[in-house]
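K.L.:
In order, the protein sequences belong to chains A and B.
If you use the numbering used here, the first sequence closes out at 152, no skipped numbers anywhere.
If you use the numbering used here, the second sequence closes out at 213, no skipped numbers anywhere.
No residue lacks a Cβ here, since even glycine has one placed at the ideal position from N, Cα and C.
Attaching a single structure in structure tokens format; questions to follow.
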Amino acid sequence: TAGNKIFHFGACRVSMSMTEIRAGFTAIKTNIQSRDPIRSLSILSHPHSLHKVKSPDRCCITHHLFDFYVDKVFKHCKTEDSFVNRKISSIANSFLSLRRKLRQCHEQNNCVCGEESTEKLKQILANYEGLNVTSAAMKSLGELDILLDWME
Amino acid sequence: SGELYCSLPNPRNVHFESINMKNVLHWSAPAGTGNGVLYKVKYLVYGVGKWIRKPECRNINTTWCDLSSETSDYEEQYYASVKAFLNGMCSDWVETTRFNPLTDTKIDPPMISVSSTDNSISIILTAPEKWKRSPEEESISLLQVYPGLQYNVSVLNKKTKKRWLFSISNNTLVVPWLEPGTAYCVSAQIHVTTPLLDSGFSKEHCIATLKDK
């Protein structure tokens with residue numbers, strides 16, 4: 001695929017293209033983020049930035065974050081705008097195929113979740129469950145660039 | 001703070017203009033207001049959510065405010081907001097969309113230096129630096145910010161008008177098998193695949209290959 005790159009997540013090396021996801025998100029970013037009025041909470045960055053995650057834990061965190069987006073976020077992000085909905089489902093499909101790659105890699109390399117990443121994942125879920133599901137899902141979707149920036 | 005009666009029209013088009021992560025807030029004056037409008041500015045880090053006033057942009061009459069220092073951590077995202085005042089009246093606060101310095105900045109073209117032999121041209125490219133507070137501060141090349149940064153280089157034979165395009169990741173390029181005593185013009189562009197960021201093409205640098213001995 002255009003823009004395929006080798007990503008290193010701890011022990012995992014995965015060839016992926018973020019170009020389509022980035023393009024899809026850029027097209028709906030302002031629309032999605034304008035639906036999130038809460039400035040004082042970030043699902044992914046509260047209380048600590050993803051950039052604080054240590055390299056060996058990247059494999060485990062990335063794998064679980066893809067699960068989080070596929071299982072908890074995309075399905076609750078319906079809007080009244082068909083263009084936005086189409087872009088969301090396109091991003092969701094890209095996540096599904098990337099998740100398969102990450103899952104294989106996660107199993108082959110036996111990516112162990114360290115204490116810090118387990119705590120970080122718990123915090124993300126707590127941030128998410130602290131809001132009603134639609135607000136939490138929309139806020140998480142609006143933070144997709146935080147995840148992509150960190151992955152890259 | 002004893003807010004005044006806020007019926008003044010709002011500032012318009014409040015947005016960040018960013019080049020090499022020099023992040024400047026811009027806006028347009030409220031509709032129908034002549035001179036004399038003053039403004040104040042505040043900003044916040046997304047996820048922290050505490051609005052912080054920018055003292056240097058309090059009661060200003062310009063329609064921009066440099067927030068580069070306050071938004072220099074490109075691992076964070078930001079909002080900024082502007083309020084207008086005129087003759088004892090004020091407007092509402094008007095916010096930007098969420099600003100992500102990493103994806104929302106524009107990048108300048110690379111700097112080029114060119115040298116030649118009788119049948120080749122050597123090109124050295126330098127990516128621009130990230131904005132910094134003072135000359136003494138350590139320089140950070142945008143190459144460090146965007147590890148996937150590449151260069152698109154165009155080489156034009158002025159005589160035949162034939163053009164070559166190269167896409168390279170490292171910052172040097174030698175173009176061999178050229179005609180002696182001929183003028184060639186080089187220009188280059190920065191290309192980042194994700195996030196998708198392209199600079200414009202640089203000004204052309206022309207050089208002639210040496211004549212045959």
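Using 8 Å as the threshold, is the stretch 42-53 of chain A in touch with the stretch 80-99 of chain A, meaning 3 or more CB pairs across them?
P.N.:
Too few Cβ pairs lie closer than 8 Å, so no.
K.L.:
Can you tell me the Cβ-Cβ gap for V112(A) and C60(A), rounded? I've got them flagged as a contact below 8 Å.
P.N.:
Yes, V112(A) and C60(A) are in contact; Cβ-Cβ is about 7 Å, under 8 Å.
K.L.:
Of the choices T71(B), G34(B) and E56(B), whose alpha-carbon is the least far from that of L44(B)?
P.N.:
Nearest C-alpha to L44(B): T71(B).
K.L.:
Please decide whether E80(A) counts as near chain B, where near means a Cβ-Cβ distance under 8 Å.
P.N.:
No, because no Cβ of chain B sits closer than 8 Å to the Cβ of E80(A).
K.L.:
Would M138(A) count as contacting chain B if we go by Cβ distances under 8 Å?
P.N.:
Judged by the 8 Å Cβ criterion, M138(A) is not in contact with chain B.
K.L.:
Got a sec, what are the start and stop residues for the beta strand (DSSP E) P55(B) sits in?
P.N.:
Counting along the chain, the beta strand (DSSP E) containing P55(B) begins and ends at I52 to I60.
K.L.:
From what residue to what residue does the alpha helix (DSSP H) around L96(A) run?
P.N.:
That run of the alpha helix (DSSP H) goes S82 to Q108.
K.L.:
Determine contact between the stretch 29-43 of chain B and the stretch 135-150 of chain A, defined as no fewer than three beta-carbon pairs at a distance below 8 Å.
P.N.:
Output reads no: the stretch 135-150 of chain A does not touch the stretch 29-43 of chain B.
K.L.:
So, at 7 Å on beta carbons, what are the nonlocal neighbours of T79(A) in its own chain, with the 5 sequence-adjacent residues on each side left out?
P.N.:
Here the set comprises N85.
K.L.:
Have a look at F99(B) and T62(B) and give me their C-alpha separation to the nearest angstrom.
P.N.:
The alpha-carbon atoms of F99(B) and T62(B) are separated by roughly 21 Å.
K.L.:
List the residues of chain B whose Cβ lies closer than 8 Å to the Cβ of M18(A), in chain order.
P.N.:
Ordered by position in chain B, the residues that pass the 8 Å Cβ test against M18(A) are T194.
K.L.:
Is any non-hydrogen atom of the ligand SAM found closer than 7 Å to the C-beta of H51(A), if you look at the structure I gave you?
P.N.:
Absence of the ligand SAM from the depicted structure is noted, as is the absence of any ligand whatsoever, leaving it without description.
K.L.:
Going by DSSP, what residues sit across from F7(A) in a beta bridge?
P.N.:
BP columns for F7(A) point to V14(A).
K.L.:
Which full runs of the alpha helix (DSSP H) of 4+ residues lie inside the stretch 45-70 of chain A, going along the chain?
P.N.:
Qualifying alpha helix (DSSP H) stretches, in chain order: 58-68.
K.L.:
Give me the subset of the stretch 89-100 of chain B whose CB atoms are less than 7 Å from a CB atom of chain A, sorted by chain position.
P.N.:
Within the stretch 89-100 of chain B, the qualifying residues are T97, R98 and N100.
K.L.:
For E129(B), go through chain A and note every residue whose CB falls closer than 9 Å to its CB, in chain order.
P.N.:
The premise fails here: E129(B) is roughly 20 Å from chain A at the closest Cβ pair, so nothing lies under 9 Å.
K.L.:
Among the residues of its own chain, which have a CB less than 6 Å from the CB of S15(A), if the five just before and after it don't count?
P.N.:
Counting only Cβ-Cβ distances below 6 Å, and skipping sequence neighbours, we find N4 and I6.
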